[in-house]
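Residues in the sequence shown are numbered from 85 upward in steps of one, following my numbering.
Note that the Cβ used here is the ideal one computed from N, Cα and C, for glycine as well.
These numbers were taken from a predicted model, which means no experiment stands behind them.
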Amino acid sequence: MVIRVSSPDIQTKISFPRILLAPMQGLIDAPMRDLLTRIGGFDICVTEFIRITHTVHGKSMWLKYMPELAQNNQTQAGTAVAVQLLGSHAENMALNALKVVKLGANHIDLNFGCPAPTVNQHQGGAVLLQYPEKIEQIVATVRQSLPAEIKLSAKMRLGYEHKNLALECAYAIEQGGAGEVTVHARTKTEGYRPPAHWEWTGRIREALSIPVIANGDVFTLADYHQIREISGCTDVMLGRGAVQCPDLARQIAATNRGINLPALTWTEILPWIEDFFNGCCQLSNSHVNYPVARLKQWLGMLRLHYAEAGELFIQLRKITTIADIQKELSLLTSENGISV
Ligand SMILES: Cc1cc2nc3c(=O)[nH]c(=O)nc-3n(C[C@H](O)[C@H](O)[C@H](O)COP(=O)(O)O)c2cc1C
Numbered sequence: 085m086v087i088r089v090s091s092p093d094i095q096t097k098i099s100f101p102r103i104l105l106a107p108m109q110g111l112i113d114a115p116m117r118d119l120l121t122r123i124g125g126f127d128i129c130v131t132e133f134i135r136i137t138h139t140v141h142g143k144s145m146w147l148k149y150m151p152e153l154a155q156n157n158q159t160q161a162g163t164a165v166a167v168q169l170l171g172s173h174a175e176n177m178a179l180n181a182l183k184v185v186k187l188g189a190n191h192i193d194l195n196f197g198c199p200a201p202t203v204n205q206h207q208g209g210a211v212l213l214q215y216p217e218k219i220e221q222i223v224a225t226v227r228q229s230l231p232a233e234i235k236l237s238a239k240m241r242l243g244y245e246h247k248n249l250a251l252e253c254a255y256a257i258e259q260g261g262a263g264e265v266t267v268h269a270r271t272k273t274e275g276y277r278p279p280a281h282w283e284w285t286g287r288i289r290e291a292l293s294i295p296v297i298a299n300g301d302v303f304t305l306a307d308y309h310q311i312r313e314i315s316g317c318t319d320v321m322l323g324r325g326a327v328q329c330p331d332l333a334r335q336i337a338a339t340n341r342g343i344n345l346p347a348l349t350w351t352e353i354l355p356w357i358e359d360f361f362n363g364c365c366q367l368s369n370s371h372v373n374y375p376v377a378r379l380k381q382w383l384g385m386l387r388l389h390y391a392e393a394g395e396l397f398i399q400l401r402k403i404t405t406i407a408d409i410q411k412e413l414s415l416l417t418s419e420n421g422i423s424v
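Spelled out as structure tokens, the structure:
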């Protein structure tokens, strides 16, 4: 992100390290992107992956995953959104990328890291990390199909079962013509088991000339400083840490500007919970299960940071109707006297 400091005679450009919100299928969807970017700190978000098989998806499919297409590729808070594609057929990836660009997208991200067995069985995601030449072909075919002003990036893990092709894969992404790459510092086999190997991200950063974004296991401010120090990367992507601690990016962005912000208290988080639930209700229209499941899923993660979220989870567990949950949440929020 660039800000301009104005004085009567000079305009100085200051660049701050970027903080990206990770793509997370089933977890960071449009209501969650909207919420987290309004709380603040993020420069870019990436949609959940959209699987590309043999067809070109229609407009409704793209809008389902990326409603921000209808708002100039931005969340309500004005944060840029990239759309992530996952697949292995280079021409179909290119045709779909072109389609979503025609619908208004200006940043395509390619997924070379998904560990899901169903995805890998169809030769998509992390399985491609065994074949750097295939990665390069996909990236190059997509790049060549797109107008030059459309950004193309990719996201990778360190490998499938081992890390010995990590540098080749990263290099394939650069050679194919991607403008930057995010590295989730684990192999597919390592799943989400700590530790994330940030030193490997550093090796990739040193080998490439495009920007490398560091990702994996940033849950606190201290983790943020450590991942930057070990990887040497300027830009960092946050995933689970941002869902568990919704103002983590805001605190990081503030410290990058020399300001220490106090963390949001549970009382301050409550209205955001109500807001998120209402956002999910709007998206799902009459489907009762979606907002209730999403709320409970989020509370389950929030309780790792706020013990009160666990209590709220128990309190809401037996309530099944949207109206009753809304009543309960709005009562809690007004009791605490805070609004978003
Ligand atoms: C539930 C879940 C869904 C995910 N979905 C995606 C996805 O759609 N695309 C992708 O590139 N990575 C996906 N990831 C990986 C994350 O983007 C990120 O790389 C990983 O969680 C490590 O970062 P973190 O430790 O900050 O969470 C997913 C991870 C989780 C846990």
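Taking a contact to mean a Cβ-Cβ separation below 8 Å, would you say residue i touches residue j in this structure?
i	j	result
residue 193	residue 239	yes
residue 187	residue 153	yes
residue 131	residue 107	yes
residue 260	residue 220	yes
residue 117	residue 165	yes
residue 159	residue 121	yes
residue 174	residue 139	no
residue 364	residue 355	no
residue 255	residue 291	yes
residue 337	residue 103	yes
residue 119	residue 360	yes
residue 177	residue 234	no
residue 242	residue 263	no
residue 250	residue 294	no
residue 197	residue 268	yes
residue 149	residue 128	no
residue 100	residue 341	yes
residue 343	residue 390	no
residue 286	residue 316	yes
residue 189	residue 157	yes
residue 403	residue 392	no
residue 379	residue 409	yes
residue 252	residue 199	no
residue 339	residue 305	yes
residue 266	residue 297	yes
Quick one: give me the first and last residue of the alpha helix (DSSP H) that residue i is part of.
i	result
residue 266	Not the alpha helix (DSSP H): residue 266 falls in the beta strand (DSSP E), residues 264-271.
residue 400	391-401
residue 310	305-315
residue 201	201-205
residue 211	Run containing residue 211: none; DSSP gives neither H nor E here.
residue 385	373-386
residue 348	Run containing residue 348: none; DSSP gives neither H nor E here.
residue 338	332-340
residue 406	406-420
residue 255	250-260
residue 288	282-291
Check the DSSP bridge columns for residue i and list the partner residues they point to.
i	result
residue 157	Per DSSP, none; premise fails for residue 157.
residue 241	268
residue 108	112
Since residue i is in the beta strand (DSSP E), which residue starts that stretch and which ends it?
i	result
residue 234	Where residue 234 is concerned, there is no enclosing beta strand (DSSP E), given that its DSSP letter is neither H nor E.
residue 322	320-322
residue 299	296-299
residue 104	103-105
Checklist entry - Taking one C-beta from the region 174-189 and one from the region 202-216 each time, how about it: are there three or more such pairs within less than 8 Å? => result No contact exists between the region 174-189 and the region 202-216.
(Q) Going residue by residue through the region 124-199, where are the continuous alpha helix (DSSP H) segments of at least 4 residues, counting only ones entirely within it? (A) Listed in chain order, the alpha helix (DSSP H) elements of length 4 or more contained wholly in the region 124-199 are 143-149 and 174-186.
| field | Cβ contact check for the region 291-301 and the region 329-346: 3 or more pairs under 8 Å | value | These segments do not touch.
Tell me whether the region 316-328 and the region 345-360 touch, counting them as touching only if at least three CB pairs, one residue from each stretch, are closer than 8 Å.
Segments in contact, no.
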